[in-house]
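Report on the structure given below.
Residue numbers (my numbering), protein chains in the order written: chain A, 55 to 290; chain B, -18 to 292; chain C, 828 to 1090.
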């Protein structure tokens, strides 16, 4: 059981003094699908931004056995696929193809390889017919899936998603759930959608006020009413 | 500091008062025309549209891309603003951006703002729009190509005018500032061209109606083509001439009395209690005295108001 | 996101803070004008101006070194004036040889160069102080009072309002780009400069469209609340006795500097 991601005693404070992470430690093994839950302001997004080096705190972050340092950031970024909450932030090219191709192109891969990867990524998110569509014209659900594809094309070892189901109507949400279920990739997903957690993720990490307050089997955590209430969560 | 001063934002202190004032006059006149013309074209949509597009330009200028050796390139945007919003609205938007940069971020001086607006907002918009308008009936490829050239020329135009202003103020030597400014901006202009073309291409693909026949973009009259071409020609012709024969240019300027000579403080407006253009005559002394009296009078009035006003 | 980049205002209780924003704008402009009018080498007058600046810092309760600490940003532009060291005829001070040219620094050249730097340095500090002691919306009101056309001031107001929203979008776009800017082992990453510039262009185009469409929504919201084409501006500021006195004093002091500078 290889370790895909390991975080050790991570601390971080923003410029204005706000302490966002107070000693976060956890480990994710290859193939794990883990949910990250907690109230707004718990530090979930901040934590995620540490996983591909956008933010740098005190402590250790190891991806696939490699320690995250400034020098190997470009390499780490090909291993950690971070998908932000707002798909508009991710789609900055005119066509879907160009957006999904950005990652591999930046990595300097030859055009043929780029093509293969783009097609594979679009296949994985069930959007093969959308190659030449204009990102600007897609629906929110479609954009979210394309956003995932833009990261899959880099062939990451771990997928980190921030609120993937936020803002989706029931149908788009169902499509997304099926997609996430079928993707054979290690996953860390932050969400408020407790039914999503129950359906897809065997393990849950609960965060509050910059710390991990629980880390274990989803079923156990969801049965613990005291824990849930204490951290602003509700049983689905 | 994510926002770094561009070489074209002149700070206070580097231009003579005369040059500053002339630039203010030109800018103020152009802006007032722009205000009335864009009002006619856009009507009541004008304010929210231009305000938000000004914010867009300001923000877009912050996006950078690494060029080489730690330097990065970004957009100036005068050509893009004029092509997408129409010439007058583009000028107004750039004016707003430049003034906020100066006020809020001290990027560019307050007294020299007229010059900065002229260089970065008006010249760039005129060249950018004028050239683009000349191919308004052409194919998309033609439009994009011309837009790229126009964007490059607009940056060169801004650089040229900045250099001339610095030279006329006695701050820089012509034979140094022209090649330095134009050289650097020939490269910056390339970035501007690439970014402008890519941005326009994006808009053409996703919302071509914004650049089509009935859009703001097409509202400018053909007169702009003349203006744009003339200014571009001036830039193209003057730049190499100025670089190659700076002494020639200096001589001409000296003969015409434009150039601030040597260590005579170019910043004196009322040297020795005389008014410059009237020379040392009794008349000029009187006028100088009257100006001084007026200032004192204003002070007295203000003090009087203070007495009357409640504290 | 960190919006403090655009929020230069320092909340404080001080004499200067309590002045009418018009007074602050006028004082700043007059000060900068005064610097521009002082002749080269007017060291005493420059020194007095600097003391005035320090006093303004003090009266704003921001500490004596407030503007000084922030003033060095504009200095790189000084390079553009370097040539005056050599180009103004006068008594030579020192010479050196570089590549194939001989450079001689004259006393008049040094005088001019240092004067330019001092003028610029003093002026930028006053401008820094201005935005630290007046809220930007108040500055916009001041401009309106001072007869800047309301079209412009309203556009500036909108700019300020939506700047943060758009800057935030830019940050997030750049962050997303950074997240996908990876390197594969053994391959040269980053693409060509032209490609990178193109990506920036796409981001700009994307931002343009979002902004354009947002402005349509904002316009509709304004219509829904009765907008008919021009903004009614409010004038919440009233000049008080201390404002008049301050302006008068500032003018007198500046006048004094001018006289001192020409003696």
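For glycine and all other residues, C-beta sits at the position ideal for the given N, C-alpha and C. As the structure is a prediction and not an experimental result, all values here were calculated from the model.
- Beta-carbon to beta-carbon, residue -9 (chain B) and residue 143 (chain B) are separated by about 7 Å, close enough to satisfy the 8 Å threshold.
- Residue-level contact check: residue 1014 (chain C) touches chain A, since one or more beta carbons of chain A fall below 8 Å from its beta carbon.
- Under a criterion of Cβ atoms nearer than 8 Å, the residues of chain B adjacent to residue 148 (chain A) are, in order, 182, 183, 186 and 187.
- Boundaries for residue -3 (chain B): no alpha helix (DSSP H) harbours it, and the DSSP string shows neither H nor E there.
- Under the Cβ criterion of 8 Å, residue 1084 (chain C) is not counted among the residues facing chain B.
- In the DSSP assignment, residue 198 (chain A) falls within the unbroken alpha helix (DSSP H) covering 194 to 206.
- Proximity of chain C to residue 204 (chain A) at the Cβ level (cut-off 8 Å) is accounted for by 1007, in chain order.
- By the CB criterion at 8 Å, residue 258 (chain A) and residue 267 (chain A) fall outside the cutoff.
- Contact between residue 71 (chain B) and residue 63 (chain B) holds: CB atoms are separated by about 3 Å, below the 8 Å threshold.
- Identification of residues in the stretch 172 to 203 of chain A having a C-beta nearer than 9 Å to some C-beta of chain B yields 188, 189, 190 and 191, given in sequence order.
- Boundaries of the alpha helix (DSSP H) around residue 98 (chain A): 98 to 105.
- For residue 1028 (chain C), the nearest beta carbon of chain A is not closer than 8 Å to its own beta carbon.
- Each residue's CA atom was taken as its position, placing residue 11 (chain B) and residue 859 (chain C) some 24 Å apart.
- Residue 100 (chain A) places its beta carbon 8 Å or farther from that of residue 83 (chain A).
- Sequence-distant partners of residue 889 (chain C) (beyond 5 residues in either direction) whose C-beta falls short of 7 Å from its own C-beta, in its chain, are 837, 839 and 959.
- Taking C-alpha positions only, residue 1004 (chain C) is separated from residue 909 (chain C) by approximately 39 Å.
- Boundaries of the alpha helix (DSSP H) around residue 27 (chain B): 27 to 41.
- It is roughly 8 Å from the alpha-carbon of residue 256 (chain A) to the alpha-carbon of residue 86 (chain A).
- Its chain contains 148, 149 and 150 as the residues whose beta carbon lies nearer than 8 Å to that of residue 188 (chain A), once the 5 sequence neighbours on both sides are disregarded; these appear in chain order.
- Chain B places a beta carbon closer than 8 Å to that of residue 910 (chain C), counting this residue as a contact.
- A straight-line Cα-Cα distance of about 15 Å links residue 129 (chain A) and residue 207 (chain A).
- At a beta-carbon threshold of 8 Å, none of the residues of chain C lie near residue 218 (chain A); the nearest stands roughly 15 Å away.
- Residue contact check for residue 1000 (chain C) against chain A: a CB pair falls below 8 Å.
- Between the alpha carbons of residue 0 (chain B) and residue 863 (chain C) lies a gap of roughly 12 Å.
- Distance from the CA atom of residue 46 (chain B) to the CA atom of residue 73 (chain A), rounded to whole angstroms, is 31 Å.
- The residue from C:937, C:899, C:906 and C:961 with its alpha-carbon nearest to that of residue 887 (chain C) is C:961.
- Between residue 108 (chain B) and residue 145 (chain B), the gap from beta carbon to beta carbon reaches 8 Å or more.
- In the DSSP assignment, residue 165 (chain A) falls within the alpha helix (DSSP H) that extends over 165 to 178.
- By the Cβ-count criterion, residue 144 (chain A) is buried, with 16 or more other Cβ atoms from all chains shown falling within 10 Å of its own Cβ.
- In the three-state reduction of the DSSP assignment, residue 19 (chain B) falls in the helix class, which pools H, G and I.
- As the crow flies, the alpha-carbon of residue 1025 (chain C) is around 14 Å from that of residue 1000 (chain C).
- In the DSSP assignment, residue 60 (chain A) falls within the beta strand (DSSP E) that extends over 57 to 67.
- The criterion of a C-beta distance shorter than 8 Å is not satisfied by residue 211 (chain A) and residue 77 (chain A).
- Against residue 1036 (chain C), the close residues of chain A are 190, in the order they occur along the chain (beta-carbon pairs closer than 9 Å).
- In the displayed model, residue 136 (chain A) falls within a strand according to three-state DSSP.
- Partner residues in the beta bridge of residue 47 (chain B), as assigned by DSSP, are B:53.
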